[in-house]
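What follows is a short report on a single structure.
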Amino acid sequence: MVKRSVYSICGMCTSRCPIQVQSQSGQVTFIQGNPHVPAMKGAVCPRGAAGSALINDNERPQTPLIREGARGEGKWRKVSWEEAFDHVAGKLAQIKEQYGAKAISLSDRGGPFRDIHQAFLRGLGTPNYVNHDSACACNVNHSALSLTGMGRKGVSYDLKNARHVVLQLRNIFESINVQEVNNLMDAMENGCKLTVIDIRANISATKATRFVQIRPGTDYAFNLAVIHELLNKRLYDERFANRYFDGLKDLEQFVEPYTPEWCEKETGVAAAQLRAFAKELAAAKPSVIWHPGWMAARYRDSFYVCRTIYIINALLGSYGAKGGLPFVSSPGDVSRKGLKKFVDLYPKPKEKRADGAGWKYTHIDGGAGLAHLLYRAMETEDPYPVKAYIAYRHDPLMAYPEPERLKKMWEKLDLLVSVTFSWSDTAWHSDVVLPLSPYLERESIIATKNALKPHFFVRQRAVEPRYDTKADWEIVGGLAKRLGLPELVFETVEDLWKFQLEGTGVSFDDFNATGMVSLADKPVYLDFETYKFKTASGKFEIISKKLEDAGLPSLKPYEAPQSPPQGQFRLTFGRCASHTQGHTVNNPVLYEQMSENVLWINTKAAQKLGIGNGDRVTVSQNGYSEDIKAKVTDLIHPEAVFVVHGFGHKLPLESRALGKGLADNKFMHGGMDLWDPAGGAIAYQEHFVAVTKAGA
Ligand code: SF4
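Set out below in C-alpha cells:
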C-alpha cells in the first residue's frame with residue numbers, strides 16, 4: 004500500500020483554495036486545507052470535500068469523443084487522443100488557411116492558469132481569447148479600472164483586521180472562499196460588524212449585525228444616498244480625500260439630490276436606518292470593507308453600483324489601509340522576478356478582436372473580452388467570420404441567457420470543441436469533447452498570487468487519472484505539436500515548470516515544504532504618502548476620461564427600476580454552499596446534500612396566488628415554462644423570486660441531476676442583448692416571470 008501526500012489546489016470552485024491531499028494505492032483518502040496556510044484552518048468547504056466523489060464518478064467524460072449525429076443529438080464515437088488531436092488540429096489548420104487565424108476563438112473561466120491557453124491562441128495568431136467575465140465580474144473589474152486604473156484584483160480584502168464589513172454583491176457564507184470566511188469569522192469574534200444588503204435574507208444575512216432588505220434593482224439609489232450622507236455630514240476620511248480624490252466637488256454636486264429621504268422612497272430602507280449605518284461606517288474607518296464581490300452581472304446599472312462601492316471605500320479611506328483594501332504586491336513590487344510567461348513567446352496579434360473590446364468599445368478591457376459579443380460575431384460574421392470555438396472548462400449554454408438562441412449563434416461554426424471534466428450542455432452540443440482530468444488527477448502550470456505577501460503556487464496531481472483523460476498542459480501540447488507551436492510542447496510537467504521558473508531564483512523543490520513559495524517575508528502595506536493610483540493623475544479619478552470619451556457618463560443619474568408587470572416577479576438567482584454553478588449538481592455526494600433548487604417566493608405574494616410552502620409551481624415566461632417546488636418565506640422581497648443557479652439539467656447521462664429543479668437562464672428572453680454598455684456585463688436580473696400553482 005503506497006501512501007502519498009501532496010500539496011495542491013482545490014478545483015471545485017474558482018476560489019482555488021490551497022489543499023493537502025492524502026492517497027493510498029492510487030485512491031484519495033483525505034482532503035484538507037493546506038495546514039501551512041493559517042487562514043485555511045485545515046478546512047475545506049462541502050464542495051472541496053466532495054472532490055474524491057468527482058473522480059470516482061463514472062458519469063463524466065472518460066475518453067475523447069467525436070460527434071457522429073447532429074449537434075446535441077448525443078451520438079458519439081469514442082476515439083484515441085491521437086485521433087482527437089489530429090482531428091481538432093486538422094480542422095483548426097483548415098480554418099486558419101481559409102479564414103485567417105482570427106477565425107479561431109477560445110473561452111475559459113479566467114483565473115491564474117490561463118497563460119497557456121492565451122499563449123496557444125497567440126501562437127496561432129488570433130486575438131479572440133475571452134473568458135466568462137461578461138457573465139460575472141466584468142462590471143466590477145471595469146468599475147475598478149475606471150476609478151483607480153487597476154482592475155478589481157489590484158486590492159485585497161483584509162477581512163481579518165476589518166472593523167466593519169459590508170456585503171452587497173457578495174454572499175460570503177454561501178459563495179464560499181474558505182480563507183475569506185475564516186478571516187471574517189475571526190474578525191467578527193473580535194467585534195467586527197457585518198452589514199448585508201440584499202433583497203433576500205441569505206445565510207450571510209442571518210449572521211449579520213445589520214440586514215438591509217432592499218427593493219430589487221435599487222442598490223444604486225441606496226449607495227448614492229450613503230455617499231450623500233458621508234459627504235453631507237463630513238463623515239468621510241478628509242485626509243484620504245484631500246490627498247487622493249480627483250473630482251470630489253463633482254461628486255458632491257452629483258449626489259446632492261440623493262438624500263436618505265429620497266432613498267427611502269426608492270429602496271424601502273428607512274432614512275434613519277441609512278443615517279445610523281453611515282455613522283457606523285464612519286466610526287470604523289479606515290478598517291472598512293464594502294466588498295465589491297465579483298458577480299455583478301445583475302441589473303442595467305450594476306456597473307455604476309460597483310463604482311459607488313469603490314467610491315464609498317475610498318471616502319472611508321479604506322484603500323491601502325489595514326483592515327480595508329490594501330494594495331496587492333506583485334513579485335516586481337517586492338524586488339523579485341516573476342514567472343516566465345508562455346504568452347510572451349509570441350507577438351500580440353495585430354487583428355482587432357471580434358467582440359469589439361478595445362476598439363469598438365474603447366473603454367472595455369481586451370483581457371477578458373465580452374463573450375456574448377464574440378458569440379454574436381459568430382452569427383453575424385461582423386467584423387469577420389469566426390469559425391472555430393474551443394470552450395475550455397466553460398459551459399456558456401448553462402451560463403448565458405437564452406441557450407437555444409446561443410445554439411443558433413453557433414450554427415456557422417465549423418468546429419466546436421469542449422474541454423471539460425464533467426458533462427455540460429455545451430459539451431453535449433459540441434463536435435468534439437476532450438476530457439480534462441479532474442483537478443485531483445492533473446497538474447496545472449505554476450501561478451502567481453499577487454497579494455499582501457505575493458507567492459507562487461501550483462496544483463499537483465494527487466492520483467493518476469482513472470479514465471483516459473489529460474491535464475491542460477497535455478491537451479494544449481497535443482494540439483500545439485500538430486500546429487507548429489513546439490514551444491508549448493513539453494515532455495514532462497517538470498520541464499514545463501522549469502521553463503516557468505527560469506530566472507526567478509526558485510526551483511521546483513522549493514514547493515515541497517508547503518506547496519507554495521512566498522516572495523516576501525511579511526505583508527507589504529504600501530506607503531500612503533508616496534502611493535500613486537494607476538490613473539493618469541495618480542489619483543482616485545471620479546471623472547473617467549475613458550468613459551467620457553466613449554460617450555458614457557462617469558456619474559450616471561439614477562433611474563428607477565421597472566416594477567414587475569401585474570402578477571409577475573423579478574427573477575433573481577445566486578449561489579449556495581453545496582454547489583458550484585452547474586458542474587457539481589451531478590456529483591454523487593453533493594447531490595445527496597442538495598438534489599434540486601426551489602423557488603423562494605414571499606409569503607404574502609404566495610398567499611395571493613394560493614401557493615403553500617412545498618407546493619409545485621409553474622414558472623413561465625414568453626411561452627416557456629418549467630415546474631419547481633416553492634419555498635414560501637418572509638425572507639425575500641415581494642417583488643422577486645429566487646433560485647440557486649445551476650439546476651435544471653436535461654442530459655440523459657447525468658442520472659442524478661436529470662430533470663431536477665429549474666434552469667434560470669431559460670427564462671431570460673432577449674437576455675443576450677441586454678447588457679450594460681458601460682461595464683460590459685449581461686444584466687441577468689432584468690427579467691420577469693409569472694408563477695402559478697402547478698396544474699391550476
Ligand atoms: S471554497 Fe471550497 S470548493 Fe472552493 S476552492 Fe475552496 S475548498 Fe474548494
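Residue numbers for the sequence shown follow our numbering, beginning at 4 and rising by one.
Glycine is no exception: its CB is placed at the ideal position from the N, C-alpha and C atoms.
Just so you know, these numbers come straight off a predicted model, no measurement behind them.
Chain order is used for the residues whose beta-carbon lies nearer than 6 angstroms to a heavy atom of ligand 1, namely CYS13, MET15, CYS16, SER18, ARG19, CYS20, VAL47, CYS48, ARG50, GLY51, ILE179, ASN180 and VAL181. By the Cβ neighbour-count rule, VAL601 is buried, with 16 or more other Cβ atoms within 10 Å of its own.
By the CB criterion at 7 angstroms, ALA324 and PRO295 fall outside the cutoff.
For SER108, the beta-bridge partners assigned by DSSP are TYR392. Excluding its 5 nearest sequence neighbours in each direction, LYS81 has C-beta neighbours in its own chain below 7 angstroms: THR66 and LEU68, listed in chain order. The beta-carbon separation of TRP297 and ILE312, rounded to 12 angstroms, does not stay under the 8 angstroms limit for a contact. The beta carbons of ASP358 and LEU342 sit no closer together than 7 angstroms.
Classified as buried, ARG173 has 16 or more neighbouring CB atoms from the shown chains inside 10 Å of its CB. Straight across, the Cα-Cα distance linking LEU277 with LEU238 is about 13 angstroms. Under the criterion of beta carbons closer than 8 angstroms, LYS236 and THR212 do not qualify as touching, at roughly 21 angstroms.
By the criterion of at least three beta-carbon pairs nearer than 8 angstroms, the segment 133-150 is in contact with the segment 366-380. With respect to the 7 angstroms criterion, GLY541 and CYS141 are not classified as neighbours on the basis of their beta carbons. Beta-bridge analysis with DSSP links MET519 to PHE460. Rounded to the nearest angstrom, the Cβ distance from ASP417 to LYS390 is 5 angstroms, consistent with a contact under 8 angstroms. Cα atoms of ASN625 and VAL420: separation of roughly 31 angstroms, rounded to the nearest angstrom. Here SER332 carries a strand assignment [DSSP, helix/strand/coil]. Note on the segment 137-214: whole alpha helix (DSSP H) runs with a minimum of 4 residues are 141-151, 181-192 and 206-209, in chain order. If you draw a straight line from the Cα of TRP79 to the Cα of GLU71, it is about 5 angstroms long. Along the length of the segment 385-460, whole alpha helix (DSSP H) runs at least 4 residues long occupy 399-402, 406-412 and 428-431, reported in chain order. Using a Cβ distance threshold of 7 angstroms, THR583 and GLN688 do not count as a contacting pair. Counting only residues of its own chain and dropping the five nearest sequence neighbours on each side, LEU593 has a CB closer than 8 angstroms to the CB of PRO49, ARG50, ALA53, ALA56, SER581, HIS582 and THR587. Short of 7 angstroms from the beta carbon of GLY113, and not among the five residues preceding or following it, lie these beta carbons of its own chain, in chain order: ASN134, HIS135, ASP136 and ALA371. The beta carbon of TRP476 is closer than 8 angstroms to those of ILE119, GLU446, SER447, ILE448, PHE493, VAL496 and LEU499 in its chain, skipping five residues each way along the sequence. DSSP places SER11 in the uninterrupted beta strand (DSSP E) bounded by 6-12. Here the C-alpha atom of ILE22 lies approximately 18 angstroms from the C-alpha atom of ASP512.
The alpha carbon of ILE685 has as its nearest neighbour, out of GLY698, ALA693, ALA699 and ASN668, the alpha carbon of ASN668.
Excluding the 5 residues flanking it on each side, ALA46 has same chain C-beta neighbours closer than 8 angstroms at GLN35, GLY36, VAL181 and ASN185, in chain order. A contact between stretches requires three or more CB pairs, one per stretch, nearer than 8 angstroms, and the segment 264-279 fails this requirement with the segment 303-320. Counting only residues of its own chain and dropping the five nearest sequence neighbours on each side, GLU354 has a CB closer than 6 angstroms to the CB of LYS105 and PRO130. In the structure shown, ARG310 falls within a helical segment according to DSSP collapsed to helix, strand and coil. Taking 7 angstroms as the cut-off, the Cβ atoms of ALA643 and ILE614 do not count as close. When the alpha-carbon of ALA279 is set against those of PRO556, ASP428, LEU233 and PHE502, the nearest one is in LEU233.
Assignment of beta-bridge partners to ASP249 by DSSP yields GLU544. Burial state of PHE33 is exposed, judged by a 10 Å Cβ sphere holding fewer than 16 other Cβ atoms.
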